[in-house]
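Numbering (the working numbering), first residue to last: 216 to 524. Using N, Cα and C, we set each Cβ at its ideal position, and we do this for glycine too. Bear in mind that the values here come from a model prediction, so they are computed numbers and not experimental data. Each remark here refers to the structure printed beneath this line.
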C-alpha cells in the first residue's frame, strides 16, 4: 500500500474512534468509484466520518439535509432570469462537489430522491434540458436512521442498487467511547485543524492503479457463484443483480490494494460481500418471521459456496 494511504488511514482512525473496519470499507468504496449508504442511530458520528474523509482527500464537501419539502432543484440547481442582463443563468446546486453527504435521505419523497439517480450512475446532471458533467471524483454518502420510520420514505430498490456498500454504524467499545467523551469534554478533540493527505490528482492516480489489481478467473467464478446463489436460495425472495457482482469485484480490488497486494483473494471477496449485498436482497417472508437477519443469511450463503484454491 502506498505511503499516502497509510498516512490517510492513520489520521482517519485517529479522528474517528472505534470504526476501523467501516473506515476501511468507506475508503475502499470511494477508491472504487462507488457510493455508500450509512445506517446508524443519531449521534454515532456519521456526518463527522464523511466530513473527515473529504478533508483528508483534499476535495470539496457539501452536505444536504433531506426534508419532506426538499425539491429536486434544491439538489441539482436551477435556471433563473437575470433582469439586469436580460439573460437566463444556471445556478448549480450543492451536488456539484467531490464528496456529497445526503443526510437522512429517507426523509424526502421519491421524486427528490430520484434526483440523485442520474448523478450517481452517469456522473452528470441535467438542468432545464442542459447536461452538466460532475467532477471526476464524485462520491455520495447517504445516511438514514434505522429505528425511526415516522414521516420517512423508504429508498426504492432501483436507487439502493446504486450504492456500492451499505454500512451499519454501531456504537464504539466502552473504552473507545469513554476516550471520545473525555476528549470532547476537555475541548481537545477537534482543536487541531485537519490537513489533507491526498489531492485529487494523487487520488485519481491511485484509483487508476487499483483498476490494474488482478482478479483471476477462479475468483471471478467464486464471486458469480455467490451472486447467483442469492437468486436460487429459498431464504431470499429477490436476489442480487449483475451490478452487485460488479460492485463486489471492484470493491475487492480496492480492499486488496489497501492490504498491499496487486491481486484479489477469496478472502477479499468475503470481506466485501456482506456490505455489498445487504441492501440488494430481500428475505422471504417466512425467514423474516423466524427472526433471521439479512447479515445472517448472507454469512450462511457465502459460507456454503466452495472457496477456490
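For the pair the stretch 495–504 and the stretch 447–459, tell me if three or more CB-CB distances fall below 8 Å. yes
Check whether residue 313 and residue 304 have beta carbons under 8 Å apart: no
Can you find the residues in the same chain that come closer than 8 Å, C-beta to C-beta, to residue 349, ignoring five residues on each side of it along the sequence? 310, 311, 334, 338, 339 and 340
Three Cβ pairs or more, each shorter than 8 Å: is that satisfied between the stretch 238–246 and the stretch 372–383? yes
If we call anything under 8 Å between Cβ atoms a contact, is residue 272 one with residue 418? yes
Using three-state DSSP, classify residue 359 as helix, strand or coil. strand
When DSSP builds the beta bridges, which residues end up paired with residue 492? Residue 492 is not bridged to any residue.
Residue 516 and residue 357 - do their beta-carbons sit closer together than 8 Å? no
Under 8 Å by Cβ, that's how I've got residue 320 and residue 370 pegged, so tell me the actual separation to the nearest angstrom. 7 Å
Helix, strand or coil at residue 423 according to DSSP, with G and I counted as helix: helix
On a CA-only basis, which of 232, 246, 329 and 344 is nearest residue 415? Give me that one, please. 246
Cβ of residue 481 within 8 Å of Cβ of residue 434? yes
Closest by C-alpha distance to residue 248, when choosing among 470, 483, 489 and 501: 470
So what's residue 345 in DSSP terms, helix, strand or just coil? strand
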